[in-house]
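K.L.:
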DNA sequence: CTGAAAGCGCTTACAG
DNA sequence: CTGAAAGCGCTTACAG
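Protein chains in written order, with this note's numbering: chain A, 57 to 413; chain B, 57 to 413.
Here it is as structure tokens:
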């Protein structure tokens with residue numbers, strides 16, 4: 057090792073941009089040991105101000121950046137969180153991911169992204185030994201797979217579904233759905249349909265059943281018996297909404313209102329309604345769920361949730377576990393009814409009387 | 057080190073699920089050296105079939121997964137690619153990211169995600185020494201910042217803009233914009249407006265100027281002089297489109313057609329047109345750019361591009377650089393006119409004659 | 001407040 | 001085909 061060339065100050069070293077400088081280079085320049093460099097640079101105590109200054113200056117001069125693999129190997133910390141999501145281009149997941157990323161970036165953690173549509177990832181779990189925690193925006197419906205996740209040996213966060221031992225953030229899907237359906241009932245609707253999620257993959261979307269529960273609860277409380285013909289499943293996309301709407305519109309006694317599981321699907325529903333020559337909300341009301349960025353453009357009444365905040369909160373929870381050794385935490389976030397123009401009293405009701413807004 | 061306890065075969069070892077097993081554990085169980093384990097598990101040559109089998113079996117029994125930090129430190133390879141994007145919930149970026157992720161996942165590379173709206177990330181470049189390559193879905197407009205990126209010392213890929221030394225994938229924005237405007241001209245439009253991107257950040261959206269170039273080229277060729285009042289800027293969002301449309305609709309001599317830089321902005325434009333009580337395409341035509349998932353719902357005529365394929369291709373390019381030592385490659389992908397219902401001949405033209413579709 | 005030394009768990013020439 | 005050994009570049013008790 058050729059060290060101690062404190063003569064050529066910023067000459068030879070800086071120009072040879074090939075190999076990045078090591079902690080030893082910094083130590084040599086600052087005339088301390090690598091242990092001290094490590095402490096000084098990480099802001100640990102027990103370093104005299106003067107020494108710290110010298111180290112900082114040396115590090116800066118050499119453009120020193122600690123090798124992440126070396127420090128991970130030595131410390132056992134990866135400063136990385138894995139995130140598993142089924143989609144990235146659906147509003148909800150994109151927003152959640154953005155929230156997670158913001159919190160992690162502030163904490164100077166890296167976010168490793170895994171997209172997994174069909175739950176196959178759970179068999180290999182490529183994030184093994186790579187991350188300090190994993191966030192699942194969806195979980196496999198398979199119990200053994202979930203057990204495998206727990207066996208990762210790192211804090212786990214799950215979105216939308218509470219699992220023993222995992223941190224989680226969710227919304228009250230039951231209450232949200234009830235709120236939506238109560239709004240329709242309050243307008244005078246009795247024949248209310250629901251578009252729910254197709255059980256299309258190995259993944260667990262807890263929201264599916266919970267929102268259906270809220271739907272039924274609201275109807276029950278109003279003394280309305282649910283018509284099975286008015287409950288249809290669709291894929292979580294605009295096309296899924298279109299297909300579901302086509303099905304609903306062909307039911308002999310058409311519904312006067314439709315509660316749709318997501319705004320994206322609701323947009324498909326609106327599209328199909330328009331194509332069928334029907335007018336919304338005059339002839340049929342539609343309410344969605346999410347408050348998607350485009351919902352205002354569609355003038356869509358919906359149940360708003362903040363996906364971004366949910367992601368941010370979930371990231372904070374696992375960060376607490378990693379950094380502070382906290383236990384798993386859970387939180388349920390609020391939803392809010394956003395009344396726009398796709399809901400109105402049913403045609404018959406209007407003929408008779410005024411209704412509440 | 058207590059090794060050689062080959063007696064309790066699957067007893068003691070497997071049950072203590074605390075510390076993950078190391079390469080040495082596997083070596084002990086298979087009665088070979090750790091060097092051989094390393095070779096056998098990575099599929100390297102010079103390992104006898106019998107030995108390889110024994111190692112594989114031992115590794116499986118111990119649920120062995122190599123420590124990424126240790127192997128990175130020893131080999132110098134991170135098996136990770138960094139991706140920097142300004143947004144994640146915009147259609148284009150979400151699609152590109154999906155394409156990148158798919159290719160990386162197949163190659164068993166990790167994707168580290170960095171969201172950077174305002175280009176600040178380029179001052180710290182947190183992916184230093186963490187990744188084998190970086191993909192920029194956008195670049196800072198600052199030349200020194202770009203130089204800093206090049207100094208990362210790893211292959212770099214850039215999307216939408218060609219930079220010396222970087223791999224890149226883009227579309228021919230000029231040609232795409234010309235195609236859009238030619239479509240409008242062919243329909244008989246002469247007063248054609250353009251909604252372009254606000255120069256709202258430190259980031260370089262090359263598409264901005266290129267599409268404007270195509271717009272002007274098409275007008276020039278048709279002998280139409282562009283009216284500066286018909287070229288407005290807006291933020292890259294639905295709201296941005298609304299604001300831009302509001303401005304355009306207040307121009308004394310209204311345009312008969314609008315070419316909008318992105319479908320998302322076009323949706324805002326359509327919304328504003330509707331709110332202004334105008335009919336599209338009867339009174340004003342609109343053409344977008346992207347072929348967003350929702351464009352068919354809006355019946356929006358647009359210039360289609362495959363963002364997913366662009367992302368996948370860019371990932372393959374840098375993978376070639378990392379794995380095969382290839383040089384930077386570049387490719388321009390195609391665009392395609394998708395004619396839907398938001399474009400039609402201008403009102404005056406219809407009064408006189410038939411026009412082409 | 002500081003340093004010497006061990007160790008984190010792999011990979012890779014180098015010998016054989 | 002296989003192993004001993006060095007080395008990757010840090011962090012962390014342990015002494016002083």
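Think of the CB as a built atom: it goes at the ideal place given N, C-alpha and C, for glycine as much as any other residue. This one's a predicted model, so the numbers in the text were calculated from it and none came from an experiment.
So, for residue 264 (chain B): in the same chain, excluding its five sequence neighbours on each side, which residues have a beta-carbon less than 8 Å away from its beta-carbon?
P.N.:
Looking up residue 264 (chain B) in the second chain gives position 208. Around residue 264 (chain B): 252, 253, 255, 317.
K.L.:
Go to residue 341 (chain A), then tell me how far its beta strand (DSSP E) extends in each direction, as first and last residue.
P.N.:
Here residue 341 (chain A) corresponds to residue number 285 of the first chain, with the count starting at 1. Taken as a continuous stretch (DSSP letters only), the beta strand (DSSP E) holding residue 341 (chain A) covers 341 to 346.
K.L.:
With DSSP as the reference, please indicate the residues paired to residue 398 (chain B) in a beta bridge.
P.N.:
In the second chain, residue 398 (chain B) corresponds to position 342, counting from 1. DSSP, once it has assigned bridges, lists no residue as partnering residue 398 (chain B).
K.L.:
When you compare the CB of residue 211 (chain B) with every CB in chain A, is at least one pair closer than 8 Å?
P.N.:
Looking up residue 211 (chain B) in the second chain gives position 155. No, its Cβ sits nowhere closer than 8 Å to a Cβ of chain A.
K.L.:
I'd like to know if residue 153 (chain B) contacts chain A, where contact means its C-beta is closer than 8 Å to some C-beta of that chain.
P.N.:
To locate residue 153 (chain B), count along the second chain from 1; it is residue 97. Yes - at least one Cβ of chain A is within 8 Å of the one on residue 153 (chain B).
K.L.:
Counting only C-beta atoms, is residue 150 (chain A) closer than 8 Å to chain B at any point?
P.N.:
Mapped onto the first chain, residue 150 (chain A) falls at position 94. So yes, residue 150 (chain A) belongs to the interface.
K.L.:
Take residue 165 (chain B) as the anchor and find which of B:389, B:397, B:403, B:378 has the nearest alpha-carbon.
P.N.:
In the second chain, counting from the first residue as 1, residue 165 (chain B) sits at position 109. Residue 165 (chain B) has its Cα closest to that of B:378, out of B:389, B:397, B:403, B:378.
K.L.:
I'd like the span of the alpha helix (DSSP H) that includes residue 241 (chain A), first residue to last.
P.N.:
Here residue 241 (chain A) is taken as the residue at index 185 of the first chain, counted from 1. First-last of the alpha helix (DSSP H) with residue 241 (chain A): 229 to 242.
K.L.:
Less than 8 Å between the C-beta atoms of residue 267 (chain B) and residue 313 (chain B), yes or no?
P.N.:
Taking the first residue of the second chain as position 1, residue 267 (chain B) is located at position 211. Taking the first residue of the second chain as position 1, residue 313 (chain B) is located at position 257. No, they are not a contact pair.
K.L.:
Span of the alpha helix (DSSP H) holding residue 373 (chain B)?
P.N.:
Sequence index remark: in the second chain, residue 373 (chain B) carries index 317 (1-based). Counting along the chain, the alpha helix (DSSP H) containing residue 373 (chain B) begins and ends at 363 to 380.
K.L.:
Are residue 293 (chain A) and residue 321 (chain A) close, meaning C-beta to C-beta below 8 Å?
P.N.:
Translated into positions along the first chain, residue 293 (chain A) becomes position 237. Translated into positions along the first chain, residue 321 (chain A) becomes position 265. Yes, Cβ-Cβ distance for residue 293 (chain A) and residue 321 (chain A) is below 8 Å.
K.L.:
Applying the criterion that 16 or more other CB atoms from any shown protein chain within 10 Å of the CB defines a buried residue, is residue 380 (chain A) buried or exposed?
P.N.:
The residue you call residue 380 (chain A) lines up with position 324 of the first chain. Flag for residue 380 (chain A) reads exposed.
K.L.:
To which residues does DSSP link residue 287 (chain A) through a beta bridge?
P.N.:
Locating residue 287 (chain A) in the first chain gives position 231, counting from the first residue. Bridge partners of residue 287 (chain A): A:250.
K.L.:
For residue 317 (chain A), report the span of its alpha helix (DSSP H) as first-last.
P.N.:
Here residue 317 (chain A) refers to the residue found at position 261 of the first chain. Taken as a continuous stretch (DSSP letters only), residue 317 (chain A) belongs to no alpha helix (DSSP H), as it is neither H nor E.
K.L.:
Starting from residue 415 (chain B), follow the beta strand (DSSP E) in both directions and report where the run begins and ends.
P.N.:
The requested residue 415 (chain B) is not part of the displayed model; chain B covers only 57 to 413.
K.L.:
Quick check: what's the CA-CA separation for residue 57 (chain B) versus residue 75 (chain A)?
P.N.:
One-based indexing of the second chain puts residue 57 (chain B) at position 1. One-based indexing of the first chain puts residue 75 (chain A) at position 19. Confidence at residue 57 (chain B) is low in this model, with a pLDDT of 34, below 50, so the placement of that residue should be treated as unreliable; the coordinate-derived value is given next. Going by the C-alpha atoms only, they are around 35 Å apart.
K.L.:
Using beta carbons (cut-off 8 Å, strictly below), is residue 409 (chain A) in contact with chain B?
P.N.:
Indexing the first chain from 1 puts residue 409 (chain A) at position 353. Its pLDDT being 47, under 50, residue 409 (chain A) is placed unreliably in this model, and the value from its coordinates should be taken loosely. No, residue 409 (chain A) lies away from the interface with chain B (no Cβ there is under 8 Å from its Cβ).
K.L.:
Do you know offhand how far residue 384 (chain B)'s Cα is from residue 205 (chain B)'s?
P.N.:
On the second chain, residue 384 (chain B) is found 328 positions in, with the first residue counted as 1. On the second chain, residue 205 (chain B) is found 149 positions in, with the first residue counted as 1. Straight-line Cα distance between these residues: approximately 15 Å.
K.L.:
Is the stretch 169 to 189 of chain B in contact with the stretch 387 to 402 of chain B, if contact means three or more CB pairs nearer than 8 Å?
P.N.:
With the cut-off at 8 Å, the stretch 169 to 189 of chain B and the stretch 387 to 402 of chain B do not touch.
K.L.:
Does the Cβ-Cβ distance between residue 194 (chain A) and residue 142 (chain A) come in under 8 Å?
P.N.:
On the first chain, position 138 is the one that residue 194 (chain A) refers to. On the first chain, position 86 is the one that residue 142 (chain A) refers to. The answer is yes: Cβ separation under 8 Å.
K.L.:
Give the residues of chain A in contact with residue 76 (chain B), contact being defined as C-beta atoms less than 7 Å apart.
P.N.:
Along the second chain, one-based indexing puts residue 76 (chain B) at 20. What residue 76 (chain B) touches in chain A: 185.
K.L.:
Would you identify the three-state DSSP class for residue 109 (chain A), choosing helix, strand or coil?
P.N.:
Your numbering for residue 109 (chain A) matches position 53 in the first chain. Here residue 109 (chain A) sits in helix by DSSP.
K.L.:
What does DSSP give as the partner residues of residue 204 (chain A) in its beta bridges?
P.N.:
Taking the first residue of the first chain as position 1, residue 204 (chain A) is located at position 148. Beta-bridge pairing links residue 204 (chain A) to no other residue.
K.L.:
Any beta carbon from chain A within less than 8 Å of residue 321 (chain B)'s own beta carbon?
P.N.:
For the purposes of this step, residue 321 (chain B) is taken as the residue at position 265 of the second chain. Cβ-Cβ to chain A under 8 Å: no for residue 321 (chain B).
K.L.:
To test your reading of the DSSP string, which unbroken beta strand (DSSP E) runs of 3 or more residues are found completely within the stretch 129 to 205 of chain B?
P.N.:
Here the runs fully enclosed are 136 to 141, 166 to 171, 189 to 192.
K.L.:
At which residues does the beta strand (DSSP E) containing residue 359 (chain B) begin and terminate?
P.N.:
Numbered from 1 along the second chain, position 303 holds the residue referred to as residue 359 (chain B). From DSSP, the beta strand (DSSP E) with residue 359 (chain B) extends over 357 to 360.
K.L.:
Under the three-state reduction of DSSP, which class applies to residue 80 (chain B): helix, strand or coil?
P.N.:
Along the second chain, read from residue 1 onward, the residue named residue 80 (chain B) stands at position 24. Helix at residue 80 (chain B).
K.L.:
To the nearest angstrom, how far is it from the Cα of residue 363 (chain B) to the Cα of residue 344 (chain A)?
P.N.:
Residue 363 (chain B) sits at position 307 when you count from the first residue of the second chain. Residue 344 (chain A) sits at position 288 when you count from the first residue of the first chain. Taking the straight line joining both Cα atoms gives about 28 Å.
K.L.:
Going by DSSP, what residues sit across from residue 223 (chain A) in a beta bridge?
P.N.:
Taking the first residue of the first chain as 1, we reach residue 223 (chain A) at position 167. Bridge partners of residue 223 (chain A): A:213.
K.L.:
Find the residues of chain B that neighbour residue 124 (chain A), judging by a C-beta separation of less than 7 Å, and give them in chain order.
P.N.:
Walking along the first chain from the start, residue 124 (chain A) turns up at place 68. Under the 7 Å cutoff, chain B gives 185, 186.
K.L.:
Could you tell me whether the Cβ atoms of residue 169 (chain A) and residue 184 (chain A) are closer together than 8 Å?
P.N.:
As a working mapping, residue 169 (chain A) is identified with position 113 in the first chain. As a working mapping, residue 184 (chain A) is identified with position 128 in the first chain. No, the pair does not count as a contact, with Cβ atoms beyond the cut-off.
K.L.:
Could you run through the stretch 161 to 174 of chain B and flag, in chain order, every residue whose CB is less than 8 Å away from some CB of chain A?
P.N.:
The residues in question are 161, 164, 166, 167, 168, 169, 170, 171.
K.L.:
Less than 8 Å between the beta carbons of residue 327 (chain A) and residue 298 (chain A), yes or no?
P.N.:
Within the first chain, residue 327 (chain A) is the residue found at index 271, counting from 1. Within the first chain, residue 298 (chain A) is the residue found at index 242, counting from 1. Contact: yes.
K.L.:
Determine, for residue 353 (chain A), whether the minimum Cβ-Cβ distance to residues of chain B falls below 8 Å.
P.N.:
Taking the first chain and counting its residues from 1, one reaches residue 353 (chain A) at position 297. True, the Cβ-Cβ gap to chain B drops below 8 Å.
K.L.:
Do you know offhand how far residue 228 (chain A)'s Cα is from residue 372 (chain A)'s?
P.N.:
Sequence index remark: in the first chain, residue 228 (chain A) carries index 172 (1-based). Sequence index remark: in the first chain, residue 372 (chain A) carries index 316 (1-based). Rounded to the nearest angstrom, the two C-alpha atoms are 20 Å apart.
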